[in-house]
Amino acid sequence: MGVNAVLELVVHGEHHELERTRELVVAHLRRQRPGAGARMVYATELVLEEWLTNVFAHGRGTRVELKATAIPDGDFELRFEDDGIAFDPSAQPQPERARSLDELQPGGFGLVLIRRFSRSWRYAREQGRNVMVMRITDDDRRS
Numbered sequence: 068m069g070v071n072a073v074l075e076l077v078v079h080g081e082h083h084e085l086e087r088t089r090e091l092v093v094a095h096l097r098r099q100r101p102g103a104g105a106r107m108v109y110a111t112e113l114v115l116e117e118w119l120t121n122v123f124a125h126g127r128g129t130r131v132e133l134k135a136t137a138i139p140d141g142d143f144e145l146r147f148e149d150d151g152i153a154f155d156p157s158a159q160p161q162p163e164r165a166r167s168l169d170e171l172q173p174g175g176f177g178l179v180l181i182r183r184f185s186r187s188w189r190y191a192r193e194q195g196r197n198v199m200v201m202r203i204t205d206d207d208r209r210s
């Protein structure tokens, strides 16, 4: 694979496919960005797992087309296209912060994590499909 090689996968909601997808995407990242820092690898795994989980568990999606690309500026881009119900993450409010551990409720933090660990992201609804593009940066190398 050369610079800017694109990994293209089709993912279904079975658990073994999610793990296989994570392994393939991380291996692609490491091939394309041999010096990628631990934060970039972790952020890639986290946003990948969060988005796919949301599509299959909440969005009623059955199929995700995924493209993973190393961008010349050093970023790593994940592009998801799914057949789930329309879901615009930019229209979702930030969850309220719990004032104590007793008030903390499980769940609802996937989008918070995606926003935190992605350098940028954009959403579109195209031809009845959700399209989400996220960029991950290597903060370990830029500091």
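Residue numbers (the working numbering): 68 to 210. Beta carbons are placed, not taken as given, at the ideal position from N, Cα and C, and that holds for glycine.
Asked: So what's threonine 88 in DSSP terms, helix, strand or just coil?; Found: helix
Asked: Apply the 10 Å Cβ neighbour rule to glycine 195 and answer buried if 16 or more other Cβ atoms are within range, or exposed otherwise.; Found: exposed
Asked: Could you give the DSSP three-state label for isoleucine 152: helix, strand or coil?; Found: coil
Asked: DSSP has glutamate 73 in a bridge; who is on the other side?; Found: One point to set straight first is that residue 73 is valine, not glutamate, in the sequence displayed. Answer is Thr136, bridged to valine 73.
Asked: How is the alpha helix (DSSP H) around arginine 202 delimited, first residue to last?; Found: Careful: arginine 202 lies outside any alpha helix (DSSP H), inside the beta strand (DSSP E) at 196–203.
Asked: Within its chain, find whatever has a CB closer than 6 Å to the CB of lysine 134; leave out the 5 residues flanking it on each side and keep chain order.; Found: Val73, Glu75 and Arg146
Asked: Check glutamate 112 in the structure and name its three-state DSSP category.; Found: helix
Asked: What are the residues that DSSP puts in a beta bridge with leucine 145?; Found: Ala135 and Met201
Asked: Starting from arginine 192 and walking both ways along the beta strand (DSSP E), at which residues does that stretch end?; Found: 187–193
Asked: Specify whether the stretch 141–158 and the stretch 87–103 touch according to this definition: at least 3 beta carbon pairs, one from each stretch, less than 8 Å apart.; Found: yes
Asked: Leaving out five residues on either side along the sequence, give the residues of the same chain with a beta carbon under 6 Å from the beta carbon of valine 198.; Found: Glu148 and Ala191
Asked: Could you tell me the distance, in whole angstroms, from the CA atom of arginine 87 to the CA atom of alanine 158?; Found: 31 Å
Asked: Checking the sheet assignment: what are the DSSP bridge partners for valine 78?; Found: Val131
Asked: Can you give me the C-alpha to C-alpha distance between valine 179 and proline 160, rounded to a whole angstrom?; Found: 10 Å
Asked: Among Glu90, Glu84, Thr120 and Arg98, whose alpha-carbon lies nearest the alpha-carbon of glycine 177?; Found: Thr120
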